[in-house]
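Enquirer:
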Amino acid sequence: MSDVLKIFKIGGGIIDDASQLGLFLTELARVAGPKILVHGGGKGASQMLQDLGIEPNMVQGRRITDAATLDIVTMFYAGKTNKQIVALLQQRGVNALGLSGADGNVIRATKRPVKDIDYGFVGDLNAESVNSELVVQLLRANVTPVFCAITHDGQGQLLNTNADTIASVLACALTSAYRVELHFCFEKDGVLSDISDDQSVIKNIVPKQYQQLKAAGVIAAGMVPKLDNAFAALAAGVDKVVIENALKINEPVKTVLCRS
Numbered sequence: 008m009s010d011v012l013k014i015f016k017i018g019g020g021i022i023d024d025a026s027q028l029g030l031f032l033t034e035l036a037r038v039a040g041p042k043i044l045v046h047g048g049g050k051g052a053s054q055m056l057q058d059l060g061i062e063p064n065m066v067q068g069r070r071i072t073d074a075a076t077l078d079i080v081t082m083f084y085a086g087k088t089n090k091q092i093v094a095l096l097q098q099r100g101v102n103a104l105g106l107s108g109a110d111g112n113v114i115r116a117t118k119r120p121v122k123d124i125d126y127g128f129v130g131d132l133n134a135e136s137v138n139s140e141l142v143v144q145l146l147r148a149n150v151t152p153v154f155c156a157i158t159h160d161g162q163g164q165l166l167n168t169n170a171d172t173i174a175s176v177l178a179c180a181l182t183s184a185y186r187v188e189l190h191f192c193f194e195k196d197g198v199l200s201d202i203s204d205d206q207s208v209i210k211n212i213v214p215k216q217y218q219q220l221k222a223a224g225v226i227a228a229g230m231v232p233k234l235d236n237a238f239a240a241l242a243a244g245v246d247k248v249v250i251e252n253a254l255k256i257n258e259p260v261k262t263v264l265c266r267s
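Here the sequence shown is numbered in this note's numbering, starting from 8 and rising by one per residue.
(1) Smallest Cα separation from residue 78: which of 193, 129, 196, 152?
(2) Locate the alpha helix (DSSP H) running through residue 140, then write down its first and last residues.
(3) Go through the region 200 to 239 residue by residue and report every complete run of the alpha helix (DSSP H) that reaches 4 residues or more, in order.
(4) Tell me the DSSP secondary structure of residue 135 in three-state form.
(5) Based on Cα-Cα distance, which residue from 57, 30, 179, 26 lies nearest to residue 3?
(6) Between the Cα of residue 53 and those of 69, 38, 41, 244, spot the shortest distance and give me the residue it belongs to.
(7) Just to confirm, is the Cβ distance from residue 137 to residue 106 under 7 Å?
(8) Between residue 171 and residue 231, what straight-line distance do the alpha-carbon atoms span, to the nearest angstrom?
(9) Under a three-way DSSP split, which group does residue 194 fall into?
(10) Quick one: grab the DSSP three-state call for residue 124.
(11) Could you give the distance in angstroms between the alpha-carbon of residue 110 and the alpha-carbon of residue 201?
(12) Just to confirm, are residue 309 and residue 240 a CB contact at a threshold of 7 Å?
(13) Apart from the five residues on each side of it in sequence, which residues of its chain come closer than 6 Å, Cβ to Cβ, to residue 72?
(14) Report back the beta-carbon spacing between residue 196 and residue 255 to the nearest angstrom; my notes put them in contact at under 8 Å.
(15) Output the boundary residues of the alpha helix (DSSP H) element that contains residue 157.
(16) For a quick check, are the C-beta atoms of residue 14 and residue 81 less than 7 Å apart?
(17) Could I get the ranges of all uninterrupted alpha helix (DSSP H) runs contained in the region 67 to 97, with 4 residues as the minimum, in chain order?
(18) Who are residue 105's beta bridge partners in DSSP?
(19) In whole angstroms, what is the alpha-carbon distance linking residue 133 and residue 174?
(20) For the 8 Å Cβ check, are there 3 or more pairs between the region 46 to 62 and the region 205 to 225?
(21) Note the first and the last residue of the continuous beta strand (DSSP E) segment covering residue 165.
(22) Taking 7 Å as the cut-off, decide whether the C-beta atoms of residue 95 and residue 181 are in contact.
(23) Pop quiz: residue 248 and residue 189 are said to be a contact at Cβ under 8 Å. What is the actual Cβ separation, rounded to whole angstroms?
(24) Comparing C-alpha positions only, which one of 25, 101, 165 sits nearest to residue 153?
(25) Could you compute how far the alpha carbon of residue 234 sits from the alpha carbon of residue 149?
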């Protein structure tokens, strides 16, 4: 348990910009020790859908995934985006291996049940979803797994799954083998006390303080589900969660979420 495993999640803002993505991967290559990268899909999948005459359908930031949409996002996430990232990491001396959840049965999801909204072929995860043994074997072989946002149900069905959730579930599942740090990387330097001031980074947040910041409206909108997931991961045994600028992961400026 002495090794620290760092899991990095990047989203669309970085993936959509080839220059920014290259800079991030250069920084990631500098991170010593075992590491995992989880990536979303960016705007490219929506553009590809539109090019093929399929209108993207998003509800509360989540993609409604019918059969035709699933085909496209699988090609884009698990194919073009994942393999491009892997190739760029290999260029930087990182022995990366691109994975969907179906590869090696590494992440098995269940299709989201229909309630108020039918999300289609969208997968939900739980603590039993991750094949931790395989991931640990890869890490111990000095391989850096690169996960896209596609999983499977074990019955031959691929599923589109939120990348933040994949990162959090991986982090929780691997706490039995490593001290795990979960890093959410995006365009800002951390969680801001003033959304209009990029310098107003909150250095540390504990659960009680988070509830106060939420109640005051300082933390709102899309940051809330991200931080809710982060504190749930801390409660499940993850050592710490970091919110940081994707281009500054080796610099001290960031927000660190702690249990206490």
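In this text, a Cβ means the ideal position worked out from N, Cα and C, and glycines have one as well.
No experiment lies behind these values; they were computed from the predicted model shown.
Expert: A quick look at the data gives this:
(1) 129
(2) 139 to 147
(3) 214 to 222
(4) coil
(5) With the chain running from 8 to 267 in the structure shown, residue 3 is simply not present.
(6) Sorting 69, 38, 41, 244 by C-alpha distance to the C-alpha of residue 53 places 69 at the top.
(7) no
(8) 12 Å
(9) coil
(10) coil
(11) 42 Å
(12) The chain is shown only over 8 to 267; residue 309 falls outside these bounds and no answer can be derived.
(13) 127, 128, 129, 167
(14) 7 Å
(15) That residue, residue 157, is in no alpha helix (DSSP H); its beta strand (DSSP E) goes 157 to 159.
(16) no
(17) 74 to 80
(18) 153
(19) 12 Å
(20) no
(21) Counted as a single uninterrupted DSSP element, the beta strand (DSSP E) harbouring residue 165 occupies residues 165 to 167.
(22) No, the Cβ-Cβ distance between residue 95 and residue 181 is not below 7 Å.
(23) 5 Å
(24) 101
(25) 30 Å
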